[in-house]
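First the structure, in the form of structure tokens, and then the observations on it.
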Amino acid sequence: MQESPSNSLRNREVIAALDRIDREIVAALSNNARLTNKELAARVGLAPSSCLERFRRLVRDGVLRGFHAEVDPRALGLGLEAMISVRLKQHTRESFEAFRAHVQTLPEVLDAYHVAGANDFLVHVRVADADRLRDFAIDAFTTRPEVGHLETALVFEHLRGAGPFGERA
55 MQESPSNSLR
65 NREVIAALDR
75 IDREIVAALS
85 NNARLTNKEL
95 AARVGLAPSS
105 CLERFRRLVR
115 DGVLRGFHAE
125 VDPRALGLGL
135 EAMISVRLKQ
145 HTRESFEAFR
155 AHVQTLPEVL
165 DAYHVAGAND
175 FLVHVRVADA
185 DRLRDFAIDA
195 FTTRPEVGHL
205 ETALVFEHLR
215 GAGPFGERA
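Numbering (our numbering), first residue to last: 55 to 223.
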């Protein structure tokens, strides 16, 4: 789904309006979304009331979109991650839309990316083990009429980037 020109302009205006303290708030919450307002205010050097006002504005403007728990997948018996590259047989809107809709229904899928290059999609999945990965790839993808080719790469390690403003605590 493409952004409308007005949404894109609005997003650029919001980004341009972020000052140093807003960026510090975003960075702090990116590292730990469970910070209390009092802790966050102390970290960025604001009074709690001012910090809360900024926090609410960042939520209202769509800069902060959600707060999530980080779950250890191994504790749930999901110890294997893989990236599955998918090439569609035909590059029609119907094929892309059908595949996108299908991928979004699969609980094993963490993220899916529509990409440029030799393949059309990169699908990040998490499953219990190699047997389950094989079964998942066969059942979820090779049976799809729009899928022409799969390549699977195991994830050995997941490294986090520096975060939105170059710092990760």
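All C-beta atoms, glycine included, are put in the ideal place defined by N, C-alpha and C. Bear in mind that the values here come from a model prediction, so they are computed numbers and not experimental data.
For Ser139, the pairing in a beta bridge is given by DSSP as Leu176, Glu205. Under the DSSP assignment, Leu106 falls in the alpha helix (DSSP H) whose first and last residues are 102-114. Counted as a single uninterrupted DSSP element, the alpha helix (DSSP H) harbouring Leu83 occupies residues 74-85. DSSP lists no bridge partner for Ala170. Inclusion of Leu112 and Ile75 in the CB contact set at 8 Å is not warranted, their separation being larger than that value. Rounded to whole angstroms, the separation of the alpha carbons of Leu106 and Asp183 is 44 Å.
Under DSSP, Asp165 forms a beta bridge with His178. Rounded to whole angstroms, the separation of the alpha carbons of Glu211 and Thr196 is 26 Å. Asp174 and Asn85 have their alpha carbons spaced roughly 32 Å apart.
Excluding five sequence positions before and after Tyr167, the CB atoms of its chain that fall closer than 7 Å to its own CB belong to Phe175, Leu176, given in chain order. Look at Leu89 here: in three-state DSSP terms it is coil, with no helix or strand label.
Scanning its chain for C-beta atoms nearer than 7 Å, with the 5 sequence neighbours on each side dropped, one finds around Val209 the residues Glu135, Ala136, Met137, in chain order. Between the stretch 136-156 and the stretch 198-209, the count of C-beta pairs closer than 8 Å reaches three or more; the two stretches touch.
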